[in-house]
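Enquirer: Mapping of the sequence shown onto our numbering: position 177 corresponds to residue 396, and the numbering continues sequentially without gaps.
The following block contains the structure, expressed as structure tokens.
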Amino acid sequence: MSAEPKPTRVLAVANQKGGVGKTTTAINLATALLAVGERVLLVDADPQGNASTGLGVSRALRRKTLYDVLMDNLPATEAAIATTLPGLDLLPAEPDLSGVEVELGQTPRRSYRLRDALAPIRAARTYNYVLIDCPPALSLLTVNAMTASDAVLVPLQCEFFALEGLTQLMRTIELVRGSLNPTLEIQGVVLTMYDRRNSLSSQVAQDVRAHFGELVYETQIPRNVRISEAPSFGKPALIYDLKCAGSQAYVQLARELVGRERARLRAAG
220 MSAEPKPTRV LAVANQKGGV GKTTTAINLA TALLAVGERV LLVDADPQGN
270 ASTGLGVSRA LRRKTLYDVL MDNLPATEAA IATTLPGLDL LPAEPDLSGV
320 EVELGQTPRR SYRLRDALAP IRAARTYNYV LIDCPPALSL LTVNAMTASD
370 AVLVPLQCEF FALEGLTQLM RTIELVRGSL NPTLEIQGVV LTMYDRRNSL
420 SSQVAQDVRA HFGELVYETQ IPRNVRISEA PSFGKPALIY DLKCAGSQAY
470 VQLARELVGR ERARLRAAG
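Okay, structure coming up:
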């Protein structure tokens with residue numbers, strides 16, 4: 220008799236500051252989770268659609284998108300498409316997503332649109348993880364993502380203003396927790412673009428670890444040319460160059476994340 224599938228875990232990958240490696244983390248963590256045996260749905264909630272492009276899904280292939288799901292109540296399963304990697308599916312984005320906030324106006328439950336859309340996917344337990352790539356702004360799309368999620372994964376660039384940029388994000392998480400999703404938690408903080416040759420990177424890493432303690436992942440994502448090149452080929456870094464330092468770091472991050480989640484389940488009984 221086969222074991223019942225474990226509940227789907229929904230994580231929002233969020234940071235309102237641009238250029239911190241958020242989409243890169245969403246794409247490569249999704250691929251690395253697949254590599255360690257997990258089934259994953261990546262939801263591209265950024266109107267720029269970079270996560271969709273980074274997985275090699277051209278605009279011509281995005282016949283139905285997250286926009287149709289949020290605005291027309293299209294079932295998420297009908298908009299999700301298979302990627303070239305079996306076990307990794309994508310709910311793609313399109314530029315029209317940028318108008319969702321205005322178009323929904325004061326529509327009832329407008330902050331719950333994504334949560335409602337993902338409910339059947341949670342119930343089916345088709346995926347072990349759903350990762351939501353949020354836009355680099357604290358918009359209605361980000362609020363929808365946090366309302367739909369169990370926890371928030373925060374990529375944090377190792378640069379001078381890193382901690383300052385987190386203040387507003389933490390305030391938003393608290394607001395969502397207080398009014399929309401009381402069980403929302405911070406799953407972890409991932410240090411990105413780490414350069415061990417740069418003393419500033421080391422200092423920022425120390426400061427972040429002092430501030431957030433065990434929430435900060437041991438794995439640090441290095442600044443790596445191969446990671447930067449991969450999206451232009453429509454491939455995750457792990458497919459473009461598995462052996463590069465960046466790809467190996469994301470594999471290690473996936474293992475660490477799965478380990479944390481297993482420990483959480485054990486603690487929950």
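We treat Cβ as the ideally placed atom computed from N, Cα and C, and that holds for glycine.
All values reported here derive from a predicted model rather than from experimental measurement.
Quick one: residues in its chain with C-beta nearer than 6 Å to the C-beta of residue 348, no 5 flanking neighbours on either side, listed in chain order?
Expert: Excluding sequence neighbours, residue 348 sits near 228, 252, 257, 259.
Enquirer: List in chain order: all unbroken alpha helix (DSSP H) runs of 4+ residues lying wholly within the segment 288 to 329.
Expert: Counting only runs of 4 or more, we get 295 to 298, 319 to 323.
Enquirer: Should the segment 278 to 297 be called in touch with the segment 234 to 243, which here means at least 3 C-beta pairs below 8 Å?
Expert: No contact exists between the segment 278 to 297 and the segment 234 to 243.
Enquirer: Could you tell me the distance, in whole angstroms, from the CA atom of residue 310 to the CA atom of residue 290?
Expert: C-alpha separation (whole angstroms): 14 Å.
Enquirer: Secondary structure at residue 231, three-state DSSP: helix, strand or coil?
Expert: In the structure shown, residue 231 sits in a strand (DSSP, three-state: E or B).
Enquirer: How big is the Cα-Cα spacing for residue 484 and residue 346?
Expert: Straight-line Cα distance between these residues: approximately 17 Å.
Enquirer: Beta carbon of residue 405, beta carbon of residue 434: below 7 Å?
Expert: Against a cut-off of 7 Å, the Cβ pair of residue 434 and residue 405 comes out as a contact.
Enquirer: Taking all protein chains shown into account, decide if residue 451 is buried (16 or more other Cβ within 10 angstroms of its Cβ) or exposed.
Expert: Residue 451 is exposed by the Cβ-count criterion.
Enquirer: Please state whether the Cβ-Cβ distance between residue 265 and residue 354 is less than 7 Å.
Expert: Yes, Cβ-Cβ distance for residue 265 and residue 354 is below 7 Å.
Enquirer: Taking the beta carbon of residue 292 as the centre, do at least 16 other beta carbons fall within 10 Å, making it buried, or is it exposed?
Expert: Exposed, because fewer than 16 other Cβ atoms sit within 10 Å of the Cβ of residue 292.
Enquirer: Could you check the C-alpha separation between residue 470 and residue 325 for me, to the nearest Å?
Expert: Distance between the alpha carbons of residue 470 and residue 325 is about 42 Å.
Enquirer: Which one of 455, 461, 467 has the shortest CA to CA distance from residue 246?
Expert: That would be 455, whose Cα lies nearest to the Cα of residue 246.
Enquirer: Rounded to whole angstroms, what is the Cα-Cα separation between residue 315 and residue 323?
Expert: Those two C-alpha atoms are separated by around 13 Å.
Enquirer: For the alpha helix (DSSP H) holding residue 279, just list the boundary residues, first then last.
Expert: Careful: residue 279 lies outside any alpha helix (DSSP H) and carries neither H nor E.
Enquirer: Taking the straight line between their C-alpha atoms, what separation do you get for residue 420 and residue 378?
Expert: About 6 Å.
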